[in-house]
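Asks:
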Amino acid sequence: MKLLTANFLSCAVKSCKSSPAAFPLHFRDAELASTSVPYNPVLLTNLLPRLDWPALVTSSKELGFTLPDSKPTFPALTRPSDGGEVTPALGEEQETALRTLHRVLMETEVVEGKMVCGSCGFEYGIHQSVANFLLPSHLV
């Protein structure tokens with residue numbers, strides 16, 4: 000499971016729907032893998048407004064990554080249809096920040112482990128990069 004996906008998940012237990020502690024789910028006993036994914040700064044800058052930044056910082060810290068406490072800002076990037084250079088050009092600091100985000104969001108995945116709800120403590124198992132969100136009948 001990629002960190003990008005985990006940023007959109009919360010506890011599925013009915014009693015947790017109204018609890019702010021049910022998001023983000025916390026990683027435990029996580030085994031990480033890295034997969035090479037082509038770097039796409041345009042995609043990253045378009046994803047950034049949709050991410051819950053404090054949740055992403057929490058999840059990344061649990062997995063051993065460091066992200067800034069405040070969400071970085073980037074200009075709206077475009078790439079010509081012929082695949083040319085991204086415009087406007089990014090500064091070195093912005094480029095470094097985007098590459099770090101790319102590594103954390105797109106290339107890092109949890110292969111085995113658990114995601115735990117901060118409200119009810121229910122553990123969602125992750126096996127072969129797939130999280131099991133099926134609940135036992137007494138929690139539905």
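Note that the sequence shown covers residues 0 to 139 in numbering that gives the first Met the number 0. Cβ atoms here follow ideal geometry from the backbone N, Cα and C, with glycine treated the same way.
1. Pick helix, strand or coil for MET105, following the three-state DSSP scheme.
2. Which residue marks the beginning of the alpha helix (DSSP H) containing ALA5, and which one marks its end?
3. Buried or exposed: ASN6, going by 16 or more other Cβ atoms within 10 Å of its Cβ?
4. Find the nearest neighbour of THR34 within the set GLY63, LEU2 and LEU42, judged by alpha-carbon distance.
5. Could you pull the start and end residues of the alpha helix (DSSP H) that SER46 belongs to?
6. Could you tell me whether the Cβ atoms of LEU134 and ALA54 are closer together than 8 Å?
7. May I have the straight-line CA-CA distance separating ALA29 from GLY117, to the nearest angstrom?
8. If LEU37 and LEU76 are in contact, beta carbons under 8 Å, what's the gap, nearest whole angstrom?
9. Let me know the secondary structure DSSP gives ALA88 once reduced to three states.
10. Since HIS25 contacts MET105 with CB under 8 Å, what's their CB separation in whole angstroms?
11. Name, in chain order, the residues that DSSP records as bridge partners for ALA130.
12. Bridge partners for GLU30 per DSSP, in chain order?
13. Output the distance between the C-alpha atoms of SER128 and CYS119, rounded to the nearest integer angstrom.
14. Once you ignore the five residues that flank GLU122 on each side, which residues in its own chain have a CB closer than 6 Å to its CB?
Replies: On the basis of the coordinates in this document:
1. For the purposes of this step, residue 105 is identified with residue 106 of the sequence shown, where counting begins at 1. Three-state result, MET105: helix.
2. Numbered from its first residue, the sequence shown carries residue 5 at position 6. That run of the alpha helix (DSSP H) goes 2-5.
3. On the sequence shown, residue 6 is found 7 positions in, with the first residue counted as 1. ASN6 should be labelled buried.
4. Your numbering for residue 34 matches position 35 in the sequence shown. Measuring from the Cα of THR34, the nearest candidate turns out to be LEU2.
5. Mapped onto the sequence shown, residue 46 falls at position 47. Note on identity: in this sequence residue 46 is Leu, with Ser being the wrong assignment. Note, LEU46: alpha helix (DSSP H), 40-46.
6. Here residue 134 refers to the residue found at position 135 when the sequence shown is read from its first residue. Here residue 54 refers to the residue found at position 55 when the sequence shown is read from its first residue. No, the Cβ-Cβ distance between LEU134 and ALA54 is not below 8 Å.
7. As a working note, residue 29 is residue 30 in the sequence shown. As a working note, residue 117 is residue 118 in the sequence shown. If I take the Cα positions, the gap works out to 16 Å.
8. Against the sequence shown, residue 37 aligns to sequence position 38. Against the sequence shown, residue 76 aligns to sequence position 77. Contrary to the premise, residue 37 reads as Pro rather than Leu in this sequence. Not a contact, Cβ separation roughly 15 Å.
9. Position 89 of the sequence shown, counted from the start, is the residue given in the question as residue 88. In this structure, ALA88 counts as coil in the three-state DSSP scheme.
10. For this step, residue 25 is matched to residue 26 along the sequence shown. For this step, residue 105 is matched to residue 106 along the sequence shown. Going by Cβ atoms, the distance from HIS25 to MET105 rounds to 21 Å, so no, they are not a contact pair.
11. As a working mapping, residue 130 is identified with position 131 in the sequence shown. DSSP, once it has assigned bridges, lists ILE125 as partnering ALA130.
12. The residue you call residue 30 lines up with position 31 of the sequence shown. Paired residues: GLU111.
13. Taking the first residue of the sequence shown as 1, we reach residue 128 at position 129. Taking the first residue of the sequence shown as 1, we reach residue 119 at position 120. Spanning the two alpha carbons is a distance of roughly 23 Å.
14. Taking the sequence shown and counting its residues from 1, the one referred to as residue 122 is at position 123. Closer than 6 Å at the Cβ level, and outside the excluded window around GLU122, lie LYS113 and VAL115.
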